[in-house]
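In our numbering, the protein residues as written are 135 to 407. Ideal Cβ placement from N, Cα and C applies to all residues, glycine included. Data first, discussion second: the structure below is written as C-alpha cells.
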DNA sequence: GAGCCTCGAGATCT
DNA sequence: CTCGAGGCTC
C-alpha cells in the first residue's frame with residue numbers, strides 16, 4: 135500500500151457495489167448509506183455479547199432485512215406482527231418462530247449496560263456500557279448528562295464523553311430509544327454484583343490456558359460479579375493469573391513478575407464461597 | 001505550582 | 001481510548 139494515497143481501493147462491496155477500503159485488518163464500504171452497515175448494526179445488536187437473541191444470527195438477520203421484516207432495531211420487537219407469514223418461510227416452522235419470538239421477548243429484560251453496547255454508541259462497548267449504566271441507573275439520566283459530568287467519571291475521558299453527548303443529541307437516536315422504551319425494553323440497571331467483600335473484590339485477574347469446567351466468558355462474568363476485574367494481558371497491575379492447561383506466554387510472564395497463579399481447581403474453590 | 005505537552009503502558013472498542 | 005509520569009515553561 136502506498137503511503138501517498140489516503141487509502142487503497144481493493145474491490146467492491148458485495149451489497150451496494152461501492153468500493154471497499156482497508157482499515158486495520160478489515161474492509162469497509164465507502165458508501166455511508168450502504169445497507170450493509172444497517173445489517174451489521176442489527177447483527178451486533180442481537181449478538182451473544184449484546185442482547186443475546188437466540189435464533190437471530192447474521193444469516194437470518196440479512197434475510198429478514200432483505201425481505202423487509204427487519205429494517206431497524208425496533209423492528210426486531212415488532213416481528214410478532216408477521217408470525218403467521220414467517221412460519222411459512224422455507225426453513226422455518228411453528229417451533230423455530232416461537233423460539234425466536236420467545237428469545238426476542240426475553241431480550242427485553244437485558245438491561246441498560248448491554249443495551250448501551252448494543253445500540254452502537256461509538257467507543258461504548260461492554261465495559262463502558264457497564265460503567266455508564268452503573269453510574270446513571272437509567273437511560274434518561276444518562277441522556278441528560280453533561281459532557282463535564284461524563285468526563286469526571288473514572289475511565290471516561292473527553293473522547294467518550296463527547297461521543298455519548300453526541301449520541302443523545304441526535305434526533306434519530308432519541309426516536310429509536312423512545313420506540314424501544316415503548317416496546318417494553320428494560321432501560322434501567324440493577325447490579326447483580328454481590329455487595330460484600332470477596333477474595334475477588336478490587337483485584338485484577340488474567341485468564342490464560344484452557345479451563346475444562348467453565349468457558350472463558352463465563353469465568354470472566356463470575357469474576358466480575360464477585361467484584362473482580364479481568365484484563366487480557368499480564369502486567370505489574372495484575373493480581374492473579376488463572377491458568378488452565380496449555381497456558382503459554384502469559385503464564386511465563388506471571389512467573390517472571392512473581393504474580394499469584396491459580397490453577398483451575400483453586401479457581402473453582404474460590405468461586406465456591 | 002499550575003498549566004501544557006508528549007509519551008508509554010494498559011485496557012477497550014467494533 | 002484513558003491516564004499518569006516526566007519534562008518544560010512561566
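Leaving out the 5 sequence neighbours to the left and right, which residues in its chain are closer than 8 angstroms to residue i when beta-carbon positions are compared?
{"i": "residue 227", "result": "221"}
{"i": "residue 366", "result": "340"}
{"i": "residue 217", "result": "231 and 235"}
{"i": "residue 401", "result": "345, 353 and 376"}
What's the C-alpha gap between residue i and residue j?
{"i": "residue 147", "j": "residue 171", "result": "11 angstroms"}
{"i": "residue 382", "j": "residue 182", "result": "27 angstroms"}
{"i": "residue 205", "j": "residue 199", "result": "5 angstroms"}
{"i": "residue 370", "j": "residue 255", "result": "32 angstroms"}
{"i": "residue 112", "j": "residue 169", "result": "Given that the chain is displayed from residue 135 to residue 407, the structure contains no residue 112 and the question cannot be resolved."}
{"i": "residue 136", "j": "residue 167", "result": "Per-residue confidence for residue 136 stands at a pLDDT of 41, beneath the threshold of 50, marking its modelled position as unreliable; no derived number is given."}
{"i": "residue 153", "j": "residue 165", "result": "8 angstroms"}
{"i": "residue 388", "j": "residue 348", "result": "22 angstroms"}
{"i": "residue 406", "j": "residue 314", "result": "38 angstroms"}
{"i": "residue 240", "j": "residue 207", "result": "15 angstroms"}
{"i": "residue 307", "j": "residue 282", "result": "21 angstroms"}
Give a yes or no on whether the C-beta atoms belonging to residue i and residue j are separated by under 8 angstroms.
{"i": "residue 342", "j": "residue 309", "result": "no"}
{"i": "residue 311", "j": "residue 262", "result": "no"}
{"i": "residue 355", "j": "residue 374", "result": "no"}
{"i": "residue 273", "j": "residue 289", "result": "no"}
{"i": "residue 185", "j": "residue 267", "result": "no"}
{"i": "residue 351", "j": "residue 398", "result": "no"}
{"i": "residue 332", "j": "residue 361", "result": "yes"}
{"i": "residue 173", "j": "residue 180", "result": "no"}
{"i": "residue 322", "j": "residue 245", "result": "yes"}
{"i": "residue 271", "j": "residue 320", "result": "no"}
Here's a check: name, in chain order, each residue in its chain whose Cβ is nearer than 6 angstroms to the Cβ of residue i, leaving out the five neighbours to either side.
{"i": "residue 372", "result": "338, 340 and 393"}
{"i": "residue 278", "result": "none"}
{"i": "residue 139", "result": "Residue confidence is low: residue 139 scores 45 on pLDDT, short of 50, so the model does not pin down where it sits. No coordinate-derived value is stated."}
{"i": "residue 237", "result": "187, 188 and 189"}
Which one of the options has the shortest CA to CA distance from residue i?
{"i": "residue 215", "options": "299, 320, 387 and 235", "result": "235"}
{"i": "residue 258", "options": "241, 387 and 298", "result": "298"}
{"i": "residue 233", "options": "406, 213 and 189", "result": "189"}
{"i": "residue 296", "options": "260, 306, 276 and 229", "result": "276"}
{"i": "residue 390", "options": "368, 239 and 223", "result": "368"}
{"i": "residue 404", "options": "364, 334 and 260", "result": "334"}
{"i": "residue 247", "options": "324, 313 and 201", "result": "324"}
In its own chain, which residues sit with a C-beta less than 7 angstroms from the C-beta of residue i, not counting the 5 before and 5 after it?
{"i": "residue 192", "result": "177"}
{"i": "residue 250", "result": "258, 263, 266 and 267"}
At which residue ranges does the stretch 313-349 contain complete alpha helix (DSSP H) runs of 4 or more residues, listed in the order of the chain? The DSSP assignment places no complete alpha helix (DSSP H) segment of no fewer than 4 residues inside the stretch 313-349.
Which runs of the alpha helix (DSSP H) spanning at least 4 residues fall entirely within the stretch 233-276, listed in chain order? The stretch 233-276 contains these whole alpha helix (DSSP H) runs: 246-252 and 260-270.
Please specify which runs of the alpha helix (DSSP H), each continuous and at least 4 residues long, are wholly inside the stretch 365-407, giving them in chain order. Counting whole runs of 4 or more residues, the stretch 365-407 contains the alpha helix (DSSP H) stretches 383-391 and 398-405.
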